[in-house]
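Protein sequences, first through last, are from chains A and B.
At position 172 of the first sequence the residue is numbered 171 (numbering that gives the first Met the number 0), and the sequence of numbers has no breaks.
At position 8 of the second sequence the residue is numbered 7 (numbering that gives the first Met the number 0), and the sequence of numbers has no breaks.
Backbone N, C-alpha and C define an ideal beta-carbon position, used for all residues, glycine too.
Just so we're clear, the structure is a prediction, and the values are computed from it rather than from any experiment.
Below is one structure, written out as structure tokens; comments come after it.
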Amino acid sequence: MHFGSTLKLLRVDSGLSLRALARRVGVSSAYLSRVENGHDPVPTAGRLSAIADAMDLPPEMLVQLAQQTASALVDYVDRVPAASALFLEIARRGLDTAQLERLREVMDDEFPEHDPDARHLMSALVGRKRVALGLECDAIEDVIEAGTALCVGRDDGGAAAEIARSIRDREAKAPTVIGNGVAVPHAVVEGASTAAALITLATPLDVPTPDGAPIELAIVLISSAGGSEHLEVLARIARLASHHIARELRGVTSPARALAIVKRLESLR
Amino acid sequence: MWSREDSAKTAERRVSVLIADPSPPMRSWLATTLSLSASGRPACSFVDDGVDLLYHLAEKGPFDLVVAQVALAGIDGGQVLAMARTAGLNTPFVLVSAVADDRLRSLIARTEPAALVDDPFDAPALVSAAKRLLAAAQPSPGRVAWRRAIAKWTTRAAGAAPPAARARAFR
Numbered sequence: 000m001h002f003g004s005t006l007k008l009l010r011v012d013s014g015l016s017l018r019a020l021a022r023r024v025g026v027s028s029a030y031l032s033r034v035e036n037g038h039d040p041v042p043t044a045g046r047l048s049a050i051a052d053a054m055d056l057p058p059e060m061l062v063q064l065a066q067q068t069a070s071a072l073v074d075y076v077d078r079v080p081a082a083s084a085l086f087l088e089i090a091r092r093g094l095d096t097a098q099l100e101r102l103r104e105v106m107d108d109e110f111p112e113h114d115p116d117a118r119h120l121m122s123a124l125v126g127r128k129r130v131a132l133g134l135e136c137d138a139i140e141d142v143i144e145a146g147t148a149l150c151v152g153r154d155d156g157g158a159a160a161e162i163a164r165s166i167r168d169r170e171a172k173a174p175t176v177i178g179n180g181v182a183v184p185h186a187v188v189e190g191a192s193t194a195a196a197l198i199t200l201a202t203p204l205d206v207p208t209p210d211g212a213p214i215e216l217a218i219v220l221i222s223s224a225g226g227s228e229h230l231e232v233l234a235r236i237a238r239l240a241s242h243h244i245a246r247e248l249r250g251v252t253s254p255a256r257a258l259a260i261v262k263r264l265e266s267l268r
Numbered sequence: 000m001w002s003r004e005d006s007a008k009t010a011e012r013r014v015s016v017l018i019a020d021p022s023p024p025m026r027s028w029l030a031t032t033l034s035l036s037a038s039g040r041p042a043c044s045f046v047d048d049g050v051d052l053l054y055h056l057a058e059k060g061p062f063d064l065v066v067a068q069v070a071l072a073g074i075d076g077g078q079v080l081a082m083a084r085t086a087g088l089n090t091p092f093v094l095v096s097a098v099a100d101d102r103l104r105s106l107i108a109r110t111e112p113a114a115l116v117d118d119p120f121d122a123p124a125l126v127s128a129a130k131r132l133l134a135a136a137q138p139s140p141g142r143v144a145w146r147r148a149i150a151k152w153t154t155r156a157a158g159a160a161p162p163a164a165r166a167r168a169f170r
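Here is the structure:
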């Protein structure tokens, strides 16, 4: 975990939004976001003190943390000398932020983090391969079909059709439009792998919703088991909806960017 | 006289109730109503929105009974009930609504054990709904005690007054 990630955890734990912390420190939220995402270097000692003050933490804590992060990198390079060569190659080629983001995407795909606490996170359940942005759908049934295909795949001997039917049947009994432009068509299907698809709609669906807002975003969820795990995932989705995820994803065209937004909203309380 | 021994016995047969309502006075009134009218005081947990209701059901359960407003921020009580049933959770739900439509009534009819209490309501109406649901639920040590306790509810419940905020709605 780099310094920025830890800083982000501390900020969230302090109950501060990115914007609120930036305002208190007197920097732009864009700068703070770059630091948190590891795109900008660790701030100077003076600025670290200001950040610590704003979060009501001892200033030396952040300074020590920054030093520990650097030492963790040194330890890693000592243990895995090949890493040093790769870092030098990245520096020699002068990869910019966007290119490093692509490198991170490859890492996430090929070497996902094994964090047991992350298994219910939407960002982990969705992954970039199950994101469809700006889809044209005329009805919720189309969304369910598309989402199921993303979760299960099309060449599956009819399983996708069967699962889509389960979700449609459940939806007919109790539509899962939860407000703020979000629908969560879902089903518990024994034997299926738990997965979710995130779909934004090119044209919002004008169907009855609790707050009258048309559906802009659907998260199609298939759970292998019911019980508390399924409810917890639904709770996480409802939390994202209350953080206006549909509005945040409006106009987003890159799956990586969409997942970054999901991750950011998931870190909010 | 209330003794330590009595207290221990009561603790053994406490029934867990999850109460979801955006209004703190209403949450207190619901808990008081259930407490005053039962011989074994239920252990009440409280949430003020639908998202926390889902989280509590997922992480803090199982509960013997859920009493929830339909109109909750984040996700409404009816949706939570439907999601709980999809997840295989059969906890009895008492939903409270002042604007129940046919769709909600139909949902409740299909998702037993569940009951709708039309708002405004008085204490006996709530107690009666809880009594019916718990009597229909599978017996468990907690629920057996609850059944004993609810025998005293109906007569005593009328003594609990609603909070001022809700009382205004009664007029």
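Can you tell which of the options has its C-alpha closest to the C-alpha of residue i?
| i | options | result |
| --- | --- | --- |
| Ser192(A) | Leu124(A), Asp12(A), Leu204(A), Pro207(A) | Leu124(A) |
| Glu144(A) | Ser32(A), Leu220(A), Gly211(A) | Leu220(A) |
| Phe92(B) | Asp117(B), Ala108(B), Leu64(B), Leu56(B) | Leu64(B) |
| Arg109(B) | Ala124(B), Lys59(B), Val116(B), Ala81(B) | Ala81(B) |
| Ala255(A) | Tyr30(A), Leu197(A), Ala217(A), Ala212(A) | Leu197(A) |
| Glu140(A) | Ile162(A), Tyr30(A), Val76(A) | Ile162(A) |
| Ala124(B) | Pro24(B), Leu17(B), Leu29(B) | Leu29(B) |
| Ala135(B) | Gln78(B), Ile74(B), Ser22(B), Thr90(B) | Thr90(B) |
| Val183(A) | Ala245(A), Arg46(A), Ala160(A) | Ala245(A) |
| Asp48(B) | Gly73(B), Leu56(B), Lys59(B) | Gly73(B) |
| Val187(A) | Gln98(A), Glu231(A), Gly225(A), Leu94(A) | Gly225(A) |
| Asp117(B) | His55(B), Leu133(B), Ala67(B) | Ala67(B) |
| His229(A) | Leu258(A), Thr96(A), Glu189(A), Ser266(A) | Glu189(A) |
| Val206(A) | Ala259(A), Asp12(A), Ala138(A) | Ala138(A) |
| Ser99(B) | Glu111(B), Pro119(B), Pro112(B) | For clarity, residue 99(B) is Ala in the given sequence; the question names Ser instead. Nearest option by C-alpha distance: Pro119(B). |
| Glu109(A) | Arg127(A), Ile177(A), Asp12(A), Gln98(A) | Arg127(A) |
| Ile236(A) | Asp51(B), Pro21(B), Ser22(B) | Asp51(B) |
| Ala113(B) | Ser22(B), Pro21(B), Ser127(B) | Ser127(B) |
Suppose you measure from the CA of residue i to the CA of residue j; what does that come to, to the nearest Å?
| i | j | result |
| --- | --- | --- |
| Leu20(A) | Ser27(B) | 36 Å |
| Val95(B) | Arg131(B) | 15 Å |
| Arg169(A) | His185(A) | 8 Å |
| Leu6(A) | Val79(A) | 26 Å |
| Ser28(A) | Thr252(A) | 22 Å |
| Arg91(A) | Ala84(A) | 10 Å |
| Arg13(B) | Ser223(A) | 34 Å |
| Arg10(A) | Pro57(A) | 14 Å |
| Lys262(A) | Val16(B) | 33 Å |
| Ala19(B) | Asp77(A) | 54 Å |
| Ser32(A) | Glu100(A) | 14 Å |
| Gly250(A) | Leu216(A) | 12 Å |
| Gly180(A) | Pro41(B) | 38 Å |
| Pro209(A) | Ser241(A) | 13 Å |
| Ala173(A) | Val79(B) | 10 Å |
| Glu88(A) | Leu94(A) | 9 Å |
| Ala86(B) | Ser227(A) | 7 Å |
| Ile218(A) | Ala83(B) | 18 Å |
| Ala131(A) | Pro24(B) | 45 Å |
| Ala160(A) | Thr175(A) | 20 Å |
| Gly60(B) | Ser266(A) | 24 Å |
| Gly178(A) | His243(A) | 9 Å |
| Arg3(B) | Val142(A) | Unreliable placement is indicated for Arg3(B), whose pLDDT of 40 sits below 50; the coordinate value is still reported in the next sentence. Rounded to the nearest angstrom, the two C-alpha atoms are 59 Å apart. |
Anything in chain A within Cβ reach of residue i, meaning under 7 Å, just list it in chain order.
| i | result |
| --- | --- |
| Gly49(B) | Ala237 |
| Asp75(B) | Pro209 |
| Arg104(B) | Within chain A, no residue comes near Arg104(B); the closest Cβ sits about 13 Å away, beyond 7 Å. |
| Met82(B) | Leu230, Leu233 |
Kindly list, in the order they appear in chain B, the residues whose Cβ is closer than 8 Å to that of residue i.
| i | result |
| --- | --- |
| Ile291(A) | Given a span of 0 to 268 for chain A in the structure shown, any question on residue 291(A) remains unanswerable. |
Kindly list, in the order they appear in chain B, the residues whose Cβ is closer than 9 Å to that of residue i.
| i | result |
| --- | --- |
| Ala123(A) | By Cβ distance, chain B contributes nothing, its closest Cβ being about 17 Å from Ala123(A), past 9 Å. |
| His185(A) | Met82, Thr85 |
| Gly226(A) | Ala57, Ala86, Gly87, Leu88 |
| Ser83(A) | Chain B residues near Ser83(A): none, gap ~44 Å exceeds 9 Å. |
| Arg169(A) | Ala81, Thr85 |
Find the residues of chain B that neighbour residue i, judging by a C-beta separation of less than 7 Å, and give them in chain order.
| i | result |
| --- | --- |
| Ala234(A) | Val50, Leu53, Tyr54, Ala57 |
| Ile177(A) | Ile74, Gln78 |
| Ser192(A) | Chain B residues near Ser192(A): none, gap ~17 Å exceeds 7 Å. |
Taking C-beta pairs closer than 9 Å, name the residues in chain A that residue i reaches, listed in chain order.
| i | result |
| --- | --- |
| Arg109(B) | Lys172, Ala173 |
Between residue i and residue j, how many whole angstroms is the CB-CB distance? I'm expecting something under 8 Å.
| i | j | result |
| --- | --- | --- |
| Arg129(A) | Leu149(A) | 4 Å |
| Val41(A) | Ala65(A) | 5 Å |
| Leu214(A) | Leu200(A) | Looking at the sequence shown, residue 214(A) is not Leu but Ile. That belief holds up - the Cβ atoms of Ile214(A) and Leu200(A) are roughly 7 Å apart, short of 8 Å. |
| Met54(A) | Leu8(A) | With a Cβ gap of about 11 Å, Met54(A) and Leu8(A) do not count as contacting. |
| Cys43(B) | Leu33(B) | 7 Å |
| Gly45(A) | Gly3(A) | No, Gly45(A) and Gly3(A) are not in contact; Cβ-Cβ is about 18 Å, not under 8 Å. |
| Leu47(A) | Met121(A) | With a Cβ gap of about 32 Å, Leu47(A) and Met121(A) do not count as contacting. |
What I want to know is whether the C-beta of residue i ends up closer than 6 Å to one or more non-hydrogen atoms of the ligand FAD.
| i | result |
| --- | --- |
| Arg26(B) | This structure simply doesn't include the ligand FAD, nor any ligand for that matter. |
**alpha helix (DSSP H) segments (min. 4 residues) lying fully within the stretch 179-241 of chain A** = The qualifying runs are 226-241.
**Request:** Could you pull out every unbroken beta strand (DSSP E) segment of at least 3 residues lying fully inside the stretch 121-186 of chain A, listed in chain order?
**Result:** The qualifying runs are 130-134, 176-178.
**Request:** Just list the alpha helix (DSSP H) runs in the stretch 50-117 of chain A, keeping only unbroken ones of 4 residues or longer that don't cross its boundaries, in chain order.
**Result:** Annotation: the stretch 50-117 of chain A contains the following complete segments of the alpha helix (DSSP H) (minimum length 4 residues), in chain order: 58-78, 80-92, 96-109.
**Ordered list of beta strand (DSSP E) runs contained in the stretch 58-82 of chain B, each at least 3 residues** = Counting whole runs of 3 or more residues, the stretch 58-82 of chain B contains the beta strand (DSSP E) stretches 64-68.
**Asked** Which residue spans inside the stretch 113-138 of chain B form an unbroken alpha helix (DSSP H) run of at least 4?
**Response** Listed in chain order, they are 122-135.
**Length at least 3, wholly inside the stretch 14-57 of chain B: the beta strand (DSSP E) runs in chain order** = DSSP runs (the beta strand (DSSP E)) wholly in the stretch 14-57 of chain B: 15-19, 42-46.
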